[in-house]
Each structure stands twice: as C-alpha cells, then as structure tokens.
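Residue numbering for the sequence shown follows numbering that gives the first Met the number 0, starting at 0 and increasing by one per position.
Let me begin by presenting the structure, written as structure tokens, before commenting on it.
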Amino acid sequence: MKKLPIGQRQARRICQMSAADRLAFIAEGLPIIHASALGFWSAAAELQQKPREAEVLAGFAKEEAAKVLILLDVIRCPSKRIASILDTQVKRFYGHLERLIYAQFAECWFTDIAALRKAVEPLRKAHDLEGNMGEYIVPNNTLYRRESKLYADVEAYEDGTPLWNAPVVHPRGFPSRMPAAVQVVDAMAACGILTLAGLKATSEVWGQLEFQEKETLQDGERLTQELVARLIAEELPSESANQAHVDTLYRHWPLPMYNVELSKIPVSLEELKDEQDRLYWAEAGAGY
C-alpha cells in the first residue's frame, strides 16, 4: 500500500514550488530550525553532570543547524542549476550522515571544492578498517558515534559474536563549546540572512558563481564579504549583531556542497578483506 503523503517528512514538497514560493517558504522555516537548534544546545549545556544525555542533545543541535546549511546551499546555488540539485538537497535534509558531514565541515577550512570533495570520501564509506594493519572491520564511524550514544542495542563484528552496546559517554572535565554549525547559524540569524530579504540577497550574491571543482576558499570569502555589505546596506542585521558574528560567517560557513556527493558508499566484505591483505603485506614487507 502506498504511504499517504500526510504528516511530517514532507520537505520534498519544496521541489514542487515556484522559485518565489520556495524562497518564502524556506525563509519561514529557517528561524524555526534555528530556534530548535538553540533549544537543544541550551538543554545540553544544562546537563554537564549527564555527559551522555548532554552529547545526545548537542548532536541534535548540530543536525538541526546542519538542516539550515543544507537549505542555504539551495539558496546559494545559481538559479539555472537549482532544479538539478534540489531533490538531492531535500534528501540530505533528512539524512543523518549528510547532516553530520555538513556539521563537521563547519569546523574545517578547505582550499577549494576539490579538497573538500577529497575529504568527504572516507566519511561516506558504510564500513571501513581500523587498527595498525586494518585488522578490524567497523561500521561508518560518523554514524556509529551518533547511534552508539543514542541507543542501547545489540551489535556484532567480524566474528559474529553478539554483544550489548551501553550508550555511555565519559565526562570531559571542561565546559562544552557550542558546535560550529550552531554558531554559524546563530550568526546568520543575527546578520539577517535567515529573513526573506536576507535569502534574496544570499541568492543574488552567491548565485553569481557555481562551486564545482576549482572554486576556492577565497571565492567564498569574497562572496561572503559582498553579502555582508549588502545585508548592512539593506539594514537587515539585528541590533545585537557585531563583528564576532561576521567573523563566524567567514570561519564556519562551509563552501557550497551542492555539487559534492555525500551519500553513503556501500563496501563489500570482499573489498574489505582485499584491503586488509594489502595493508598486512605492506606492513610485513616493510620489516624486511
């Protein structure tokens, strides 16, 4: 029986909207997502004596903030290309791996899109190898860190022996820092980007250049500078906006990823075994 398209998880309806309606609808939703991210982060900050629960809520905050970044990549995409990337971006809106990659890359700088794409590849593997010689086959680390903190569950590894995962996180001993993805979305709100006028400005400024391969961090900084000047000229920043918010945009707004593949890469057991053999003999050969 076909599932009725009623209830939540209906963001794909954005794909059916006109450009003007889509922009207005996204502008309506971004402050809601921003508030959700801040709510999770505020709750996490109150639970320092409960490190596992605090990290779970901080993770939710990161994923909510990443949803803003994903939608803003739709806005930053040149208008002639939006139709070809919109469905993918909407799927990323619901994908845990894709959201976590966006959140992680808010912590990083890359010289250009090619370097960013290279950094993404290992994060996409469904399974990988760990250990000095790749002796352990493990699930995708990004997703495993999320799931193992969130759920008590039965897990198994290469020998097939089942064991229980207890979702425990050890205390850090120092205050947690607001995740970069949450920081940058909060800065966007202060600067007026998350308004309809702010999104129009973002679309017109960033839509001048498609980020495909050789486009650089300097290109991103130039467009950010142009956007900030436009926001100020249109008096869109809030009264609380300051230079720290602008600095956060430069530091933590990732380069556009609408042309970068983020979906999970299946890896067969045979491929993993072959790689284990290669690593073993490479290590063994080094001893002679």
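Quick reminder that beta carbons are idealized off the backbone N, C-alpha and C, glycines included.
At what residues does the alpha helix (DSSP H) containing H244 begin and finish? Here the question's residue 244 lines up with position 245 in the sequence shown. It spans Q242 to H251 - the alpha helix (DSSP H) in which H244 sits, taken as one unbroken run.
Please check the pair A102 and E62, which I expect to be a contact at CB under 8 angstroms, by giving their CB distance rounded to whole angstroms. For the purposes of this step, residue 102 is taken as the residue at position 103 of the sequence shown. For the purposes of this step, residue 62 is taken as the residue at position 63 of the sequence shown. The C-beta distance from A102 to E62 rounds to 7 angstroms, short enough to meet the 8 angstroms contact threshold.
Three-state secondary structure (DSSP) at K49? The residue you call residue 49 lines up with position 50 of the sequence shown. Coil at K49, not helix or strand.
Under the assumption that T201 contacts L226 (Cβ atoms under 8 angstroms), give the Cβ distance between them as a whole number of angstroms. For this step, residue 201 is matched to residue 202 along the sequence shown. For this step, residue 226 is matched to residue 227 along the sequence shown. Sure, about 6 angstroms apart at Cβ, within 8 angstroms.
Segment limits, alpha helix (DSSP H) that includes A118: Here residue 118 corresponds to residue number 119 of the sequence shown, with the count starting at 1. For A118, the uninterrupted alpha helix (DSSP H) segment begins and ends at I112 to R123.
Residues in the same chain with beta-carbon distance under 7 angstroms from E220, minus the five sequence neighbours each way, listed in chain order, please. As a working mapping, residue 220 is identified with position 221 in the sequence shown. Here the set comprises Y249.
Could you give the DSSP three-state label for I136: helix, strand or coil? Here residue 136 corresponds to residue number 137 of the sequence shown, with the count starting at 1. Here I136 sits in strand by DSSP.
What residue range is occupied by the uninterrupted alpha helix (DSSP H) comprising P30? Taking the sequence shown and counting its residues from 1, the one referred to as residue 30 is at position 31. In the DSSP assignment, P30 falls within the unbroken alpha helix (DSSP H) covering A18 to A44.
Pair within 8 angstroms by beta-carbon distance, G191 and L254: Residue numbering aside, residue 191 sits at position 192 when the sequence shown is read from its first letter. Residue numbering aside, residue 254 sits at position 255 when the sequence shown is read from its first letter. L254 sits away from G191, with the two beta carbons spaced by 8 angstroms or more.
Start-to-end residues for the alpha helix (DSSP H) that takes in L289: Any answer about residue 289 is impossible in this case: the structure gives the chain only from 0 up to 287.
Check whether the stretch 84–99 touches the stretch 134–147, taking contact to mean three or more Cβ pairs, one atom from each stretch, closer than 8 angstroms. Contact between the stretch 84–99 and the stretch 134–147 is present, because at least three Cβ pairs lie under 8 angstroms.
Consult DSSP for Y287 and reduce its assignment to one of helix, strand or coil. Along the sequence shown, read from residue 1 onward, the residue named residue 287 stands at position 288. Any reading at Y287 needs caution, since the residue's pLDDT is 48, under 50, leaving its predicted position unreliable; the model's value is listed next. Y287 carries a coil assignment under DSSP once its states are collapsed to helix, strand and coil.
Please go through the same chain and pick out, in chain order, the residues whose beta-carbon is closer than 8 angstroms to the beta-carbon of F39, but skip the five residues on each side of it. If you number the sequence shown from 1, residue 39 lands on position 40. These residues qualify, in order along the chain: L56, A57, F59, A60 and E63.
With a threshold of 8 angstroms on Cβ separation, who are the neighbours of Y287 within its own chain once the five nearest residues in sequence on each side are excluded? On the sequence shown, residue 287 is found 288 positions in, with the first residue counted as 1. Low confidence applies here, because Y287 scores a pLDDT of 48, under 50, leaving its location unreliable and the question unanswered by this model.
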